[in-house]
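Last residue of the sequence shown: number 509 in the numbering used here, and the count goes up by one each step with no gaps. Glycine residues also receive a C-beta, built at the ideal position from the N, C-alpha and C atoms. Here is the structure we will look at, set down as structure tokens.
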Amino acid sequence: MRPLHAAAAVLTILAMGAAIAAGGRAVLHGEHGRVAARAQAGMPAQSDAPATAAISRPKAARPEAHSRAIDPEVVAPPQLQPEELERVEPRAPLSDLALARPPKPAKSKMPDDWNGTKLFQPVAPAAGVIEAKGYSVAISGIDIVRQDETCADGSKSWTCGSRARTAFRAFLRGRAIVCAVPPEGGRDLIAAECRGGNQVVGQWLIENGWARAAEGGPYVEAGEKARTAGKGIFGPAPSLAGLPPAPAPVAATQPTQPILDPSATAAPPTETTATPPADQPAPSE
């Protein structure tokens, strides 16, 4: 039975293969016949491709060319021609922090009616220097006379610096000085013009000879007049003839005996006698 079954299976497979081949040839023949008939009738041949196949595909964007050729096999940069390079202007910085140096501090804006800063109770450490309200102001247009400066009067010298400072302090006493300094100032020395009322401080110092006029300043002519007249530091040493003589120094005297003398012996106590009690009256019966 088994050989018969195997033979029947082989025959069945052969029959099925012959049928499939015959069907394929029939389909192909029919398709060729339809194409031939349409060609004879003048009709365009239809394709089995989908309707969207006629839309042209977009071309792929070509990559942008580099500004210079790069060879991955070479470590050194390639040789470039001068005409291949183009110099462009640098862009503006994004903020002030990108600058090479720090930005300048904002200047303090003065009010419209600002005419100087008043300095009350000024102190003069030297002729031409004012300290008040946290400011240290040097009068502009003059050369300051230092406190320890000395001036010559013939063969002798005298302390003209301290004398000029004393005169300047007498001028400032009871005044409020107005100086051309900003309202918010530090403690650094500031050169500025000052005035006390209607009197310009620098002009007063130069005219009275308590300071020297700076070269190229506004007080050169007034300084020459003060020098010619022998005023202030340009004059002779002050005379001390009218002053009373200085009192002679008094030497301290040594006490004959110190207040606390350990060698001093205390006086012996005096003997006292007790007072007898008075007679008491007898109690009454």
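Counting only residues of its own chain and dropping the five nearest sequence neighbours on each side, residue 340 has a CB closer than 7 Å to the CB of 402, 403 and 404.
Annotated three-state conformation of residue 425 is helix, per DSSP.
Under DSSP, no beta-bridge partner is assigned to residue 383. According to DSSP, residue pairing for residue 359 in a beta bridge involves 356. Beta-bridge analysis with DSSP links residue 237 to no other residue. If you look at residue 341, you'll find it in the beta strand (DSSP E) that goes 341-343. Taking all protein chains shown into account, residue 392 has 16 or more neighbouring C-beta atoms within 10 Å of its C-beta and is therefore buried.
In the three-state DSSP reduction, residue 414 falls in the strand class (E or B). Residue 447 sits in a helix when the DSSP states are folded into three classes.
Taking C-beta atoms under 8 Å as the contact rule, residue 388 and residue 369 qualify, at a distance of about 5 Å. One alpha carbon belongs to residue 390, the other to residue 319, and they sit about 54 Å apart. Per DSSP, the unbroken beta strand (DSSP E) holding residue 401 starts and ends at 401-403. Three or more Cβ pairs closer than 8 Å define a contact, and the region 450-462 falls short of that threshold against the region 408-423.
Under the DSSP assignment, residue 349 falls in the beta strand (DSSP E) whose first and last residues are 347-350.
Note that the region 346-366 touches the region 428-442; at least 3 beta-carbon pairs, one per stretch, sit closer than 8 Å. By the neighbour-count criterion, in which 16 or more other beta carbons inside 10 Å mark a residue as buried, residue 426 falls on the buried side. Leaving aside the five residues that flank residue 456 on each side, the residues in its chain whose CB is nearer than 6 Å to its CB run, in chain order, 432, 433 and 434. A Cβ-Cβ distance of about 13 Å is found for the pair residue 367 and residue 446, leaving them out of contact under the 8 Å criterion. The straight-line gap separating the alpha-carbon atoms of residue 381 and residue 454 is approximately 15 Å. Linking residue 237 to residue 245 through their CA atoms gives a straight-line distance of about 13 Å. Annotated three-state conformation of residue 366 is strand, per DSSP.
Measuring C-alpha to C-alpha distances from residue 440 to each of 359, 241, 344 and 365 identifies 365 as the nearest.
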